[in-house]
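Numbering (the numbering used here), first residue to last: 77 to 443.
Next comes the structure, spelled out in structure tokens:
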């Protein structure tokens, strides 16, 4: 982002420098006579200096203090007043300095006038129409007025364009930072919730089967390692994510009795691709939380399928009448949905269907 800001600033400086080089040297380059004396150079500077003053005041004060502050009318009136004052001052300076060089040479020339041609001279060429106005040059202050408005308009448009680009870059940067902050917050919420459930599982196993409790502690250590280190990465291999889910489901299978039918399907041949970590754990926790009954036969089915560039995740679980607190799906599910929105925008599909007995979830993401 910093490099992009420097590039924008450099581009703006290059464009401004080119325009001023053109303004300064164009009158010299396009002259028929390549020789230029000090007086003619001074006349060029007399036009450039007022333009430069207008340029600086507009760029440093009028645009940032008025136009960008939404004071449009004040900006327009100030620009007109500035150009009028500078142009009028230039006009007064030209008058004080005397007539143009050609006119001064004519006034100071003491040579006798040539004889007046005979009006009946047949060889005399007829006067050209509008010969008096044809050779007249536009007054300098009119040129200054025109160039001033053109320069102010160009520079103001340039500043507005680069300001818009900077705003877009800043907005994009804030969106990225906001997304990263939200993702970190979501993962921080997933981890405590997951640990609480897993520790409850191990606690229930200690009095039932010590060996299985030890095995569950080993599995838990693997899960902790994954959550502490692997999940900090923006992407994780599908193989590691599937191993994490398998360890979690195995822990859940140790906890429940034979009345609970738990099935996990993960293909043996996994694609060598990466996905964001911890995308599915909230949905899996939800399936166990709301699909398990200690009094009735219940089931939880979790499946993963890989089709070309898509990953399909499905859960299906039995559904029972729950208390009001249990029916609240919890912050984990909501956060998982927000996370999908941040990661994939509209490039994913999440459908949920349920009736009085079964709850189904179908999620498709690109890989």
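All C-beta atoms, glycine included, are put in the ideal place defined by N, C-alpha and C.
These numbers come from a predicted model, not from an experiment.
Which listed residue (the options) has its alpha carbon closest to that of residue i
{"i": "residue 388", "options": "421, 283, 443 and 286", "result": "443"}
{"i": "residue 102", "options": "124, 83 and 386", "result": "124"}
{"i": "residue 291", "options": "273, 331 and 309", "result": "331"}
{"i": "residue 433", "options": "409, 368, 168 and 275", "result": "368"}
{"i": "residue 328", "options": "154, 360, 165 and 159", "result": "360"}
{"i": "residue 356", "options": "435, 273, 317 and 136", "result": "317"}
{"i": "residue 411", "options": "374, 311, 362 and 372", "result": "362"}
{"i": "residue 83", "options": "242, 296, 155 and 337", "result": "242"}
{"i": "residue 299", "options": "161, 320 and 90", "result": "320"}
{"i": "residue 131", "options": "118, 147, 93 and 380", "result": "93"}
{"i": "residue 358", "options": "100, 219, 150 and 271", "result": "271"}
{"i": "residue 423", "options": "279, 409 and 441", "result": "441"}
{"i": "residue 409", "options": "370, 372 and 364", "result": "364"}
{"i": "residue 276", "options": "324, 245 and 306", "result": "324"}
{"i": "residue 326", "options": "274, 86 and 390", "result": "274"}
{"i": "residue 347", "options": "381, 85, 390 and 334", "result": "381"}
{"i": "residue 351", "options": "161, 371, 307 and 151", "result": "307"}
{"i": "residue 95", "options": "151, 147 and 230", "result": "230"}
C-alpha distance - residue i paired with residue j, whole-angstrom precision
{"i": "residue 248", "j": "residue 256", "result": "12 Å"}
{"i": "residue 129", "j": "residue 121", "result": "12 Å"}
{"i": "residue 312", "j": "residue 304", "result": "13 Å"}
{"i": "residue 366", "j": "residue 251", "result": "35 Å"}
{"i": "residue 379", "j": "residue 145", "result": "57 Å"}
{"i": "residue 133", "j": "residue 240", "result": "21 Å"}
{"i": "residue 459", "j": "residue 302", "result": "Lying outside 77 to 443, the shown extent of the chain, residue 459 is not represented and no answer is given."}
{"i": "residue 149", "j": "residue 97", "result": "32 Å"}
{"i": "residue 385", "j": "residue 420", "result": "14 Å"}
{"i": "residue 143", "j": "residue 171", "result": "35 Å"}
{"i": "residue 383", "j": "residue 345", "result": "12 Å"}
{"i": "residue 166", "j": "residue 237", "result": "31 Å"}
{"i": "residue 136", "j": "residue 219", "result": "24 Å"}
{"i": "residue 294", "j": "residue 416", "result": "31 Å"}
{"i": "residue 91", "j": "residue 260", "result": "42 Å"}
{"i": "residue 147", "j": "residue 157", "result": "15 Å"}
{"i": "residue 118", "j": "residue 152", "result": "31 Å"}
{"i": "residue 431", "j": "residue 390", "result": "16 Å"}
Same chain, Cβ closer than 6 Å to residue i, five either side skipped, listed in chain order
{"i": "residue 428", "result": "437"}
{"i": "residue 394", "result": "367, 374 and 375"}
{"i": "residue 337", "result": "375"}
{"i": "residue 435", "result": "393 and 395"}
{"i": "residue 335", "result": "373"}
Nearest-angstrom beta carbon gap, residue j and residue i [assumed within contact, 8 Å]
{"i": "residue 377", "j": "residue 392", "result": "4 Å"}
{"i": "residue 353", "j": "residue 309", "result": "7 Å"}
{"i": "residue 426", "j": "residue 439", "result": "5 Å"}
{"i": "residue 278", "j": "residue 296", "result": "7 Å"}
{"i": "residue 163", "j": "residue 99", "result": "Contact flag wrong, Cβ pair sits at about 16 Å."}
Other residues of its chain near residue i: CB distance less than 8 Å, five sequence neighbours each side excluded
{"i": "residue 322", "result": "340 and 342"}
{"i": "residue 281", "result": "288, 289, 292, 330 and 331"}
{"i": "residue 349", "result": "313, 314 and 443"}
{"i": "residue 228", "result": "130, 131, 134, 155 and 159"}
{"i": "residue 246", "result": "none"}
{"i": "residue 244", "result": "none"}
{"i": "residue 87", "result": "238"}
Close beta carbons around residue i, own chain, < 7 Å, minus the five adjacent residues each side
{"i": "residue 223", "result": "127"}
{"i": "residue 139", "result": "232 and 235"}
{"i": "residue 225", "result": "159"}
{"i": "residue 207", "result": "A caution first: residue 207 carries a pLDDT of 42, below 50, which makes its placement in the model too unreliable to give a value."}
Beta bridge counterpart(s) of residue i as assigned by DSSP
{"i": "residue 434", "result": "394"}
{"i": "residue 381", "result": "388"}
{"i": "residue 227", "result": "Residue 227 is not bridged to any residue."}
{"i": "residue 376", "result": "338 and 393"}
{"i": "residue 426", "result": "439"}
{"i": "residue 312", "result": "351"}
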